[in-house]
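The listed protein sequences correspond, in order, to chains A and B.
4 is the number of the first residue of the first sequence in the working numbering; add one for each residue after it.
546 is the number of the first residue of the second sequence in the working numbering; add one for each residue after it.
Reading through the structure tokens given below for one structure.
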Amino acid sequence: MNATAATAHASAHAHAGPHELGFLRTYVFSTDHKMIARQFLFLGLFMMIIGGILALLVRWELAWPETPVPGMAGILKETGGIIEPSTYNMMFTMHATIMIFFVIMPILAGSFGNFLIPLMIGARDMAFPFLNMLSFWAAALAGVLMLGGFFVEGGHAAAGWTSYAPLSAVPDYTGTYWGQDLWCISLFVLGVSSMMGSINYITTVINMRAPGMKLFRMPLVVWSLFITAILLLLALPVLTSAVAMLLFDRTLGTHWFLPSGGGEPLLWQHLFWFFGHPEVYILILPAMGIASEILPVFARKPVFGYHAMAFSLIAIAFLSWVVYGHHMFVSGMNPALGMSFTITTMIIAVPSAIKTFNWLGTLWGGQIRFTVPMLNALAFVSMFVIGGLSGIFMASTPVDIFIQDTYFIVAHIHYVVFGGSIFGAFAAIYYWFPKMFGRMTNSFLGQLHFWPTFVFFNLTFFPMHIIGVGGHMRRIYNPTQYEFLLPLQHWNVFITISALCLGVAQIPFAVNFIWSLFAGKKAPVNPWQANTLEWTAPAPPPHLNWGPTLPTVFRGPYEYSSPEVEEDWLPQTRPLGRAAAAVGRH
Amino acid sequence: MLNWWLPENVSTYGADIDWLFHLVYWITGITFVLVAGALIGFLIAYRARPGRKARFTHGNATLEIVWTVVPTLILVILTMLSLPAWSRIKMHVPESDVHIRVTGKQFNWEVTYPGPDGKFDTEDDRTFDNEIHFPVGKPVVIHLRSKDVIHSFFVPSFRFKQDAVPGREIRQWFEITKPGKYEVPCAELCGFGHSGMKGWAFAHTAEDYEKWLAANVNAPAASGESPPAAGGAAPAEAKAPGKGKK
Chain A
4 MNATAATAHA SAHAHAGPHE LGFLRTYVFS TDHKMIARQF LFLGLFMMII GGILALLVRW
64 ELAWPETPVP GMAGILKETG GIIEPSTYNM MFTMHATIMI FFVIMPILAG SFGNFLIPLM
124 IGARDMAFPF LNMLSFWAAA LAGVLMLGGF FVEGGHAAAG WTSYAPLSAV PDYTGTYWGQ
184 DLWCISLFVL GVSSMMGSIN YITTVINMRA PGMKLFRMPL VVWSLFITAI LLLLALPVLT
244 SAVAMLLFDR TLGTHWFLPS GGGEPLLWQH LFWFFGHPEV YILILPAMGI ASEILPVFAR
304 KPVFGYHAMA FSLIAIAFLS WVVYGHHMFV SGMNPALGMS FTITTMIIAV PSAIKTFNWL
364 GTLWGGQIRF TVPMLNALAF VSMFVIGGLS GIFMASTPVD IFIQDTYFIV AHIHYVVFGG
424 SIFGAFAAIY YWFPKMFGRM TNSFLGQLHF WPTFVFFNLT FFPMHIIGVG GHMRRIYNPT
484 QYEFLLPLQH WNVFITISAL CLGVAQIPFA VNFIWSLFAG KKAPVNPWQA NTLEWTAPAP
544 PPHLNWGPTL PTVFRGPYEY SSPEVEEDWL PQTRPLGRAA AAVGRH
Chain B
546 MLNWWLPENV STYGADIDWL FHLVYWITGI TFVLVAGALI GFLIAYRARP GRKARFTHGN
606 ATLEIVWTVV PTLILVILTM LSLPAWSRIK MHVPESDVHI RVTGKQFNWE VTYPGPDGKF
666 DTEDDRTFDN EIHFPVGKPV VIHLRSKDVI HSFFVPSFRF KQDAVPGREI RQWFEITKPG
726 KYEVPCAELC GFGHSGMKGW AFAHTAEDYE KWLAANVNAP AASGESPPAA GGAAPAEAKA
786 PGKGKK
């Protein structure tokens with residue numbers, strides 16, 4: 004369907020009038036991209052509570068090993084609140100699984116992908132609204148299956164979120180039975196959900212842009228979600244197949260990953276990381292897009308190097324397929340292969356560097372307004388810089404021999420996915436909340452959430468670099484079992500106290516979110532004086548987003564402080580000069 | 546600052562690793578200070594003030610080229626400095642007369658010496674649990690195996706880490722410069738007993754190592770706990786600190 008046909012079709016719809024849909028079709032089995040976006044957001048935020056509590060339990064064990072966790076005596080009855088080693092393994096496995104697959108992906112790709120793509124390219128909905136609905140409900144089913152694993156005998160999966168075979172492939176190695184099976188089945192279902200979503204995003208971006216919305220007039224967040232969708236489409240099926248193979252090894256007696264039957268344990272790692280590295284970019288690219296969107300709005304300046312920004316996204320997408328081996332430098336993979344992965348891994352840092360310099364360029368000479376979304380976007384930029392730079396240690400293979408599987412890696416990944424993706428998600432929630440729910444959030448509570456989060460995030464994760472350099476292994480249950488780690492134990496206590504404060508710092512966010520949802524100030528159509536198309540739709544936008552006519556696009560998305568107009572913003576839809584005259588003659 | 550926490554290095558190639566660590570530390574440290582300085586400077590200098598308008602610019606091609614080329618050059622040079630060390634450490638196992646097989650299993654390290662005949666899988670092999678003895682000053686070749694899941698043989702002070710993968714034998718090496726006793730944790734999650742799966746590495750002087758070998762590995766007639774092996778082989782002495790077994 005080309006853009007004109009889509010317009011004609013959609014406006015025919017619009018003229019038919021807003022026919023009333025029942026409660027179920029509006030709020031539950033909705034095909035409206037905005038309702039699906041809200042559903043994904045609620046799913047992600049709900050799961051974030053569970054993932055966060057698991058993280059705090061893990062931290063308790065590391066600071067005060069084998070002591071009862073306050074308040075857990077009722078849940079861990081047999082041990083009186085003490086976390087056992089197998090329970091501990093389950094907790095960090097599920098913390099990572101939930102945070103990656105059920106928090107960051109649903110919020111960034113699921114929610115903001117759904118909300119922003121049609122609204123920012125001027126489409127009335129996704130290309131396949133029904134498929135879109137199925138995508139959410141498949142993800143919700145996957146979430147139920149994943150949570151179900153906590154209630155089965157033997158406990159939930161406990162082989163790490165990476166679930167390396169043979170540990171994960173033979174039930175007796177971990178003592179988890181249905182838990183690991185449900186883990187596989189849930190991720191399989193989530194893989195199907197992701198495929199439905201990504202096909203939708205790609206088709207919508209290619210076919211349904213409003214008149215005048217050329218590819219290089221698209222907002223960068225749409226670019227990033229478009230590239231993310233391509234990675235999702237190509238990477239997730241690899242995981243989907245791998246978890247199916249793992250499930251067959253566990254239940255049907257196949258030997259894909261078991262040497263006893265001629266299988267190869269490293270095959271799992273190759274499949275997992277061939278998915279897993281693009282996955283890292285699936286988690287971070289939307290956040291990069293969000294920062295690229297918010298920085299120009301609150302610096303009141305065009306984004307610096309728009310084309311460089313778009314092309315570096317594309318470069319990352321290509322390179323992300325050929326770097327995955329850096330997770331396997333000491334895995335037993337041929338070290339010669341490790342050499343080629345070193346080169347590609349070093350090179351993939353370049354597009355990220357380009358983006359960082361362009362963000363700085365965007366701030367240079369601006370009129371910076373320190374709103375809550377802007378603070379979170381700036382936190383994203385600065386924390387992503389640390390996460391990116393610490394990655395260079397691992398790219399240098401000889402250094403990686405030492406820091407592989409230590410807390411240095413844990414520090415790195417949390418600077419990227421918490422400092423990066425989660426600050427990006429917070430920025431997006433504060434920025435688009437007025438459009439999504441039609442109400443403003445409270446900016447005092449927003450500040451009260453941001454500052455402690457930023458401080459305690461750093462106090463929690465920065466010292467992990469230090470203990471990592473000291474040799475502190477990941478995934479150990481009790482650091483005091485090791486003589487060489489005893490001098491570092493006070494850091495574990497420090498990190499845990501910071502992590503508890505980081506947890507408490509999320510309370511203002513929850514209060515702000517829920518309170519604003521029902522009692523926030525009514526949002527104007529364009530509260531931030533931004534240029535992009537979603538701010539021309541009512542807040543919140545009705546079904547099909549705009550009235551009878553779709554917006555027409557005259558320019559790029561970031562013409563802030565243009566000398567052509569009096570104000571410091573110039574919406575994409577506002578005609579000027581000859582175009583204005585043409586519109587006037589109509 | 547970060548390097549204050551590096552454990553003491555006692556292996557020959559550990560110095561190469563530490564040198565690269567410090568190099569990356571300085572490159573990333575300086576980059577961070579510059580970027581963070583620029584960021585904070587811009588936030589202060591360009592905070593919104595009434596009556597001013599932001600600079601209207603879409604970018605600068607020269608700057609784009611500079612900040613693409615400069616990081617690329619730095620990273621390519623870093624790659625070229627990293628690869629020779631990697632090749633020396635991981636790809637070229639030197640000739641040596643000290644060969645030790647280390648087998649990971651849930652949740653122990655089994656350490657096997659080939660015995661006087663110098664061959665593994667013969668009658669005179671000697672196996673110890675969780676302790677590995679070797680001399681300083683010469684390369685030690687480790688034949689790494691696993692019986693069940695993936696483990697990882699990690700000695701922080703040796704800058705040595707290698708996963709043990711079931712179904713294959715991986716040969717790696719180290720050469721230690723300082724006699725002593727070093728902790729050997731498992732670094733790859735291997736099940737509920739992963740934490741606490743550890744052994745001790747004893748780096749002996751050449752003479753001490755010979756003595757240890759004579760007493761524990763090359764002493765077929767010495768008494769001790771009787772191995773349950775078939776063929777009526779002479780029991781091996783389990784002298785402290787090793788409990789010898791066949």
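Yeah, the Cβ is synthetic: ideal placement off N, Cα and C, and Gly gets one too.
Beta carbon proximity, PHE566 of chain B to chain A, threshold 8 Å:
In the second sequence, the residue the question calls residue 566 of chain B occupies position 21. Yes, contact with chain A.
Would you kindly report the start and end of the unbroken beta strand (DSSP E) that includes ILE677 of chain B?
Along the second sequence, one-based indexing puts residue 677 of chain B at 132. Run containing ILE677 of chain B: 676-680, per the beta strand (DSSP E) assignment.
C-alpha distance - ASP669 of chain B paired with GLU755 of chain B, whole-angstrom precision:
Taking the second sequence and counting its residues from 1, the one referred to as residue 669 of chain B is at position 124. Taking the second sequence and counting its residues from 1, the one referred to as residue 755 of chain B is at position 210. Those two C-alpha atoms are separated by around 17 Å.
What residues from the stretch 580-603 of chain B come within 8 Å of chain A, judged by C-beta to C-beta, listed N to C?
Taking 8 Å as the Cβ-Cβ cut-off against chain A, the residues of the stretch 580-603 of chain B that qualify are VAL580, ALA581, ALA583, LEU584, PHE587, LEU588, TYR591, ARG592, ALA593, ARG594, ARG597, LYS598, ALA599, ARG600, PHE601, THR602 and HIS603.
So for PHE421 of chain A, helix, strand or coil by DSSP?
Position 418 of the first sequence, counted from the first residue, corresponds to residue 421 of chain A. Correct three-state label for PHE421 of chain A: helix.
What residues in its chain sit with their C-beta under 7 Å from that of ALA508 of chain A, if we drop five residues either side in the sequence?
Counting from one through the first sequence, the residue named residue 508 of chain A turns up at place 505. The residues are HIS452, PRO455, THR456 and PHE459.
At the 8 Å Cβ level, is LYS635 of chain B part of the contact set with chain A, yes or no?
Numbered from 1 along the second sequence, position 90 holds the residue referred to as residue 635 of chain B. So yes, LYS635 of chain B belongs to the interface.
I need the boundaries of the alpha helix (DSSP H) containing TRP435 of chain A, first residue and last residue.
Position 432 of the first sequence holds residue 435 of chain A. 426-440 is the span of the alpha helix (DSSP H), which, as asked, contains TRP435 of chain A.
Have a look at B:VAL694, B:ILE585 and B:VAL686 and flag the residue whose alpha-carbon is nearest the alpha-carbon of PRO659 of chain B.
Here residue 659 of chain B refers to the residue found at position 114 of the second sequence. Of B:VAL694, B:ILE585 and B:VAL686, the residue nearest in Cα terms is B:VAL686.
From ALA767 of chain B to ALA759 of chain B, what distance separates their C-alpha atoms?
The residue you call residue 767 of chain B lines up with position 222 of the second sequence. The residue you call residue 759 of chain B lines up with position 214 of the second sequence. Annotation note: pLDDT 45 at ALA767 of chain B (below 50); position unreliable, coordinate value reported separately. Distance between the alpha carbons of ALA767 of chain B and ALA759 of chain B: 10 Å.
How many whole angstroms separate the CB atoms of THR539 of chain A and PRO574 of chain A, which I take to be in contact at a CB cut-off of 8 Å?
Numbered from its first residue, the first sequence carries residue 539 of chain A at position 536. Numbered from its first residue, the first sequence carries residue 574 of chain A at position 571. Indeed they touch by this definition, with Cβ atoms about 7 Å apart.
What does a CB cutoff of less than 7 Å around GLU81 of chain A pick up in its chain, not counting 5 residues either side in sequence?
By 1-based counting over the first sequence, the position of residue 81 of chain A is 78. Hits under 7 Å: none found.
Assigned secondary structure, LYS743 of chain B (DSSP; H/G/I helix, E/B strand, else coil)
For the purposes of this step, residue 743 of chain B is identified with residue 198 of the second sequence, where counting begins at 1. In the structure shown, LYS743 of chain B sits in a strand (DSSP, three-state: E or B).
At 9 Å on the CB atoms, spell out the chain B contacts of ILE357 of chain A, in chain order.
Here residue 357 of chain A is taken as the residue at index 354 of the first sequence, counted from 1. Within 9 Å of the CB of ILE357 of chain A, the CB atoms of chain B belong to GLU609, TRP612, THR613 and PRO616, in sequence order along the chain.
Taking 8 Å as the threshold (beta carbon to beta carbon), is THR657 of chain B in contact with chain A?
Counting from one through the second sequence, the residue named residue 657 of chain B turns up at place 112. So, not an interface residue.
Residues sharing a beta bridge with TYR561 of chain A, DSSP
Taking the first sequence and counting its residues from 1, the one referred to as residue 561 of chain A is at position 558. Paired residue(s): none; TYR561 of chain A is not in a bridge.
Secondary structure at GLU486 of chain A, three-state DSSP: helix, strand or coil?
Mapped onto the first sequence, residue 486 of chain A falls at position 483. If DSSP states are grouped into helix, strand and coil, GLU486 of chain A belongs with the helices.
Exposed unless 16 or more other CB atoms sit within 10 angstroms - verdict on ASN135 of chain A:
Taking the first residue of the first sequence as 1, we reach residue 135 of chain A at position 132. Classification of ASN135 of chain A: buried, given that the 10 Å Cβ count is 16 or more.
Could you say which of A:ALA141, A:TYR204 and A:LEU185 lies nearest to ILE124 of chain A if we only look at CA atoms?
Here residue 124 of chain A is taken as the residue at index 121 of the first sequence, counted from 1. Comparing Cα-Cα distances from ILE124 of chain A to each of A:ALA141, A:TYR204 and A:LEU185, the minimum goes to A:TYR204.
Nearest to SER315 of chain A by alpha carbon, out of A:PHE95, A:PHE278, A:GLU69 and A:TRP362?
As a position in the first sequence, residue 315 of chain A is number 312, starting the count at 1. The candidate whose alpha carbon is nearest that of SER315 of chain A is A:TRP362.
Taking 8 Å as the cut-off, decide whether the C-beta atoms of LEU111 of chain A and ALA428 of chain A are in contact.
For the purposes of this step, residue 111 of chain A is identified with residue 108 of the first sequence, where counting begins at 1. For the purposes of this step, residue 428 of chain A is identified with residue 425 of the first sequence, where counting begins at 1. Their beta carbons are under 8 Å apart, which means LEU111 of chain A touches ALA428 of chain A by this criterion.
Along chain A, which residues have their Cβ under 7 Å away from the Cβ of TRP550 of chain B?
Translated into positions along the second sequence, residue 550 of chain B becomes position 5. Residues of chain A passing the Cβ test: ILE469, VAL472 and GLY473.
ILE479 of chain A by DSSP, collapsed to three states: which one?
For the purposes of this step, residue 479 of chain A is identified with residue 476 of the first sequence, where counting begins at 1. In the structure shown, ILE479 of chain A sits in coil (DSSP, three-state: anything other than H, G, I, E or B).
Give me the Cα-Cα distance between GLU267 of chain A and TRP164 of chain A, rounded to the nearest whole angstrom.
Taking the first residue of the first sequence as position 1, residue 267 of chain A is located at position 264. Taking the first residue of the first sequence as position 1, residue 164 of chain A is located at position 161. Taking the straight line joining both Cα atoms gives about 19 Å.
At 9 Å on the CB atoms, spell out the chain B contacts of ASN481 of chain A, in chain order.
Walking along the first sequence from the start, residue 481 of chain A turns up at place 478. Under the 9 Å cutoff, chain B gives SER740 and GLY741.
Nearest neighbour of THR348 of chain A, chosen from A:LEU193, A:ALA318, A:ILE395 and A:VAL306 [CA to CA]:
Along the first sequence, read from residue 1 onward, the residue named residue 348 of chain A stands at position 345. Taking only the C-alpha atoms, the option nearest THR348 of chain A is A:ILE395.
Say whether chain A places a C-beta atom closer than 8 Å to the C-beta of VAL686 of chain B.
Here residue 686 of chain B refers to the residue found at position 141 of the second sequence. At least 8 Å separates the CB of VAL686 of chain B from every CB of chain A.
Compute the distance between the beta-carbons of GLY146 of chain A and TRP186 of chain A, then report whether it is under 8 Å.
By 1-based counting over the first sequence, the position of residue 146 of chain A is 143. By 1-based counting over the first sequence, the position of residue 186 of chain A is 183. Cβ atoms of GLY146 of chain A and TRP186 of chain A: not closer than 8 Å.
CB-CB under 6 Å to GLN42 of chain A, same chain, minus the five flanking residues each way: which ones, in chain order?
Looking up residue 42 of chain A in the first sequence gives position 39. Sequence-distant partners of GLN42 of chain A (beyond 5 residues in either direction) whose C-beta falls short of 6 Å from its own C-beta, in its chain, are PHE139.
Cutoff 7 Å; reference ARG253 of chain A; Cβ partners in own chain excluding five residues on either side
For the purposes of this step, residue 253 of chain A is taken as residue 250 along the first sequence, with counting starting at 1. Correct list, in chain order: ALA172, PRO174, GLN183 and ASP184.
ASP709 of chain B lies in the beta strand (DSSP E); which residues open and close that run?
Here residue 709 of chain B is taken as the residue at index 164 of the second sequence, counted from 1. Per the sequence shown, residue 709 of chain B should be read as Ala rather than Asp. Per DSSP, the continuous beta strand (DSSP E) segment holding ALA709 of chain B begins and ends at 705-709.
TYR410 of chain A in three-state terms, based on DSSP
Along the first sequence, read from residue 1 onward, the residue named residue 410 of chain A stands at position 407. Three-state result, TYR410 of chain A: helix.
Report all residues from its chain with a CB closer than 7 Å to the CB of GLN492 of chain A; omit the five preceding and five following residues, and keep chain order.
As a working note, residue 492 of chain A is residue 489 in the first sequence. Answer for GLN492 of chain A: PRO482 and THR483, listed in chain order.
Where DSSP assigns a beta bridge to VAL729 of chain B, which residues make up the other side?
What you label residue 729 of chain B is simply residue 184 of the second sequence in a count that begins at 1. Per DSSP, B:GLY744.
Cβ contact check for the stretch 319-335 of chain A and the stretch 247-261 of chain A: 3 or more pairs under 8 Å:
No contact exists between the stretch 319-335 of chain A and the stretch 247-261 of chain A.
Name, please, each residue of chain A whose Cβ falls closer than 9 Å to the Cβ of ASP693 of chain B.
Walking along the second sequence from the start, residue 693 of chain B turns up at place 148. Per Cβ cutoff of 9 Å: PRO169, LEU170, VAL173 and TYR176.
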